[in-house]
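Beneath this line is the structure, given in structure tokens, with notes to follow.
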């Protein structure tokens, strides 16, 4: 009973953190690093070449990480910032899901202390 109640509290806390992070992003916008990488992706999709026509000091993976949502935004006519946020949330949820699978397969007991760490991440 206590573990079920704690699990419900953790779920509510994770939803609250997600909602607050969305509100934060809507109020203060995209951070400069992300905004620049979106711009680099848009320029590459327009035909410019990375490192020769676009000055960039990050490794290419930084750019390619944002390319799928930016390209999808261009195809669908949606602002790339919205899709980059959705892409990031999706990546976080998939990572957390895989972590849960690993914890279960490893045989770790899902104790209240383990569940209490959920909102921290």
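In the working numbering, the protein residues as written are 18 to 138. No residue lacks a Cβ here, since even glycine has one placed at the ideal position from N, Cα and C.
Exercise for the section: Confirm, please, whether the CB-CB distance from residue 55 to residue 83 is below 9 Å. Expected result: Position 66 of the chain shown, counting from 1, holds the residue named residue 83. Position 38 of the chain shown, counting from 1, holds the residue named residue 55. Taking 9 Å as the Cβ cut-off, residue 83 and residue 55 qualify as a contacting pair.
Handout entry: Spatial distance of residue 80 from residue 91 (CA atoms)
Key = As a first step, residue 80 is located in the chain shown; it is residue number 63 there, counting from the start. As a first step, residue 91 is located in the chain shown; it is residue number 74 there, counting from the start. Residue 91 has its alpha-carbon roughly 16 Å from the corresponding atom of residue 80.
Practice task
Alpha carbon to alpha carbon, how far is residue 70 from residue 33? Give it in angstroms, no decimals.
Solution key: In the chain shown, residue 33 corresponds to position 16, counting from 1. In the chain shown, residue 70 corresponds to position 53, counting from 1. Straight through space, the alpha carbons of residue 70 and residue 33 are spaced by roughly 43 Å.
Practice task
Taking 9 Å as the cut-off, decide whether the C-beta atoms of residue 89 and residue 107 are in contact.
Solution key: Taking the chain shown and counting its residues from 1, one reaches residue 89 at position 72. Taking the chain shown and counting its residues from 1, one reaches residue 107 at position 90. Contact: no.
Handout entry: Status (buried if at least 16 other CB within 10 Å, exposed otherwise) for residue 87
Key = Walking along the chain shown from the start, residue 87 turns up at place 70. Under this definition residue 87 is a buried residue.
Practice task
Taking only heavy atoms of the ligand SAH into account, decide whether any of them is closer than 8 Å to the Cβ of residue 60.
Solution key: Looking at this structure, you won't find the ligand SAH or any other ligand, since it has none at all.
Practice task
Tell me whether the beta-carbon of residue 52 lies closer than 9 Å to the beta-carbon of residue 46.
Solution key: One-based indexing of the chain shown puts residue 52 at position 35. One-based indexing of the chain shown puts residue 46 at position 29. In contact: residue 52 and residue 46 (Cβ atoms closer than 9 Å).
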